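Accompanying notes for the structure given below.
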Amino acid sequence: MSDLDLRSHADVTESQTAADPEAAPGRPTADPSSVEPSAVAPSEPEAAAGPGDEGPLDPSQAVFELADLAVHYGEFCAVRGVDMTIRKNEITAFIGPSGCGKTTVLRCLNRMNDLVVGARVTGQVLYHGVDLYDDRVDPVEVRKRIGMVFQKPNPFPKSIYDNVAFGPKVAGIRKKADLDEIVEEALTKAALWDEVKDRLGKSGIGLSGGQQQRLCIARTIATRPEVVLMDEPCSALDPIATARIEDLMAELKHEYTIVIVTHNMQQAARVSDRTAFFTAEVNDIDDTRTGLLVEFDATERIFSTPTDQRTENYVTGRFG
């Protein structure tokens, strides 16, 4: 990745916002010239330790560092007390019952919660050491580096080619040869090229559900992000399409850092390197639920020898 400068540049928000009906430009940013020049990418990392390695974490392997993260919507606290480090080229899964804050935390990682009226984020979300919620950071630049795939496949009402080329075009790429290369590369990485290469001019909406989701993944990676966030990407798919997406994630993690929200514990166990288990506390006074992170560890340990009884109860099906 080139220099990590998240200050305001040209407005390229269309590529991200068009994929999410809630999306809109983020909060205003300060004059870029006022930002300290320290927000640069880390040096080339050494090989990452495996999920079971308890040795010290090489700082260059930390993509996100969350510290005492909490999200409020008005006076309501949706989730609190989230501390975790998300590592480079791993798949991190968020699991837990409905209403425990999984998606809320996921959306903090590329500031999508900015787009929710009344949302307020406290604590810290560091991306390569840069505080994503610093007022000088431009959310548009954040979302260029941290892409998102949503729960329901949402191809644009455009051709397959134009779906994938949309983001690069918005970013200023105009030469057809360059766009052709990007489209083929993204569709190949999304394991879709061989299925659609002879009908790139056809509408993306005419694809099957699983193909549409892979098209959305191709559209996301066409802008060449470092991180891909996935919010229950298989929940609307049949088992065969789900297996294709899971195989694809395993391939993509060699180039991207992936964070996935899933209600499917078996899926988390199959595809992820680390798993975060969330649950929710119920306020006896007003019956509201506040999510909290219970345990975050290597996936194998979460599913075999969790340290918290609540985690064990959930992964063994005693509640959920």
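All you need for our numbering is the position in the sequence shown, starting with 1, plus 894. The beta carbon of each residue, even a glycine, is placed where N, CA and C say it ideally should be. Keep in mind that this is a model prediction, so the values were computed, not measured.
Here's a check: name, in chain order, each residue in its chain whose Cβ is nearer than 8 Å to the Cβ of residue 1025, leaving out the five neighbours to either side.
Numbered from its first residue, the sequence shown carries residue 1025 at position 131. So the list reads 1018, 1019 and 1031, once near-sequence residues are dropped.
So what does residue 1168 bridge to, in DSSP terms?
The residue given as residue 1168 occupies position 274 in the sequence shown. Bridge partners of residue 1168: 986 and 1192.
Residue 1033 versus residue 958 - alpha carbon distance:
Walking along the sequence shown from the start, residue 1033 turns up at place 139. Walking along the sequence shown from the start, residue 958 turns up at place 64. Distance between the alpha carbons of residue 1033 and residue 958: 16 Å.
So for residue 1201, helix, strand or coil by DSSP?
For the purposes of this step, residue 1201 is identified with residue 307 of the sequence shown, where counting begins at 1. Residue state, collapsed to three classes: coil.
Backbone secondary structure at residue 1003 - three-state DSSP
By 1-based counting over the sequence shown, the position of residue 1003 is 109. Of the three classes helix, strand and coil, the one that applies to residue 1003 here is coil, per DSSP.
Answer yes if the stretch 1094-1101 comes into contact with the stretch 1125-1139, meaning at least three C-beta pairs across the two stretches below 8 Å, and no otherwise.
no
Spatial distance of residue 1202 from residue 1187 (CA atoms):
The residue given as residue 1202 occupies position 308 in the sequence shown. The residue given as residue 1187 occupies position 293 in the sequence shown. If you take the alpha carbons of residue 1202 and residue 1187, they lie about 11 Å apart.
Specify the secondary structure class of residue 1152 as computed by DSSP and reduced to three states.
Locating residue 1152 in the sequence shown gives position 258, where the first residue counts as 1. Note: residue 1152 maps to strand in three-state DSSP.
DSSP state of residue 1110 mapped onto helix, strand, coil:
If you number the sequence shown from 1, residue 1110 lands on position 216. Reduced to three states, the DSSP call for residue 1110 is helix.
Can you check whether the CB of residue 1080 is closer than 8 Å to the CB of residue 1134?
What you label residue 1134 is simply residue 240 of the sequence shown in a count that begins at 1. What you label residue 1080 is simply residue 186 of the sequence shown in a count that begins at 1. Their beta carbons are not under 8 Å apart, which means residue 1134 does not touch residue 1080 by this criterion.
As assigned by DSSP and simplified to three states, the class of residue 974
Against the sequence shown, residue 974 aligns to sequence position 80. Residue 974 falls in the strand class under three-state DSSP.
Who does residue 966 pair with in a DSSP beta bridge?
On the sequence shown, residue 966 is found 72 positions in, with the first residue counted as 1. BP columns for residue 966 point to 971 and 1014.
Bridge-paired residues (DSSP) for residue 1041
On the sequence shown, position 147 is the one that residue 1041 refers to. BP columns for residue 1041 point to 1122.
When the distance is taken between beta carbons, is residue 1109 closer than 8 Å to residue 1054?
Mapped onto the sequence shown, residue 1054 falls at position 160. Mapped onto the sequence shown, residue 1109 falls at position 215. Closer than 8 Å, so yes.
Under a three-way DSSP split, which group does residue 1146 fall into?
Mapped onto the sequence shown, residue 1146 falls at position 252. Three-state result, residue 1146: helix.
Among the candidates 1106, 1207 and 977, whose CA atom is the shortest distance from the CA of residue 1044?
Indexing the sequence shown from 1 puts residue 1044 at position 150. Ranking 1106, 1207 and 977 by Cα distance to residue 1044 puts 1106 first.
Can you tell me whether residue 955 is buried or exposed, with buried defined as 16 or more other CB within 10 angstroms of its CB?
As a first step, residue 955 is located in the sequence shown; it is residue number 61 there, counting from the start. Residue 955 is buried by the Cβ-count criterion.
Whole-angstrom distance between residue 988 and residue 1165, CA atom to CA atom
Sequence index remark: in the sequence shown, residue 1165 carries index 271 (1-based). Sequence index remark: in the sequence shown, residue 988 carries index 94 (1-based). C-alpha separation (whole angstroms): 12 Å.
Compare the Cα-Cα distances from residue 1227 to each of 963, 1113 and 1123 and report the closest residue.
The displayed coordinates of the chain run from 895 to 1214. Any statement about residue 1227 would go beyond what the structure contains.
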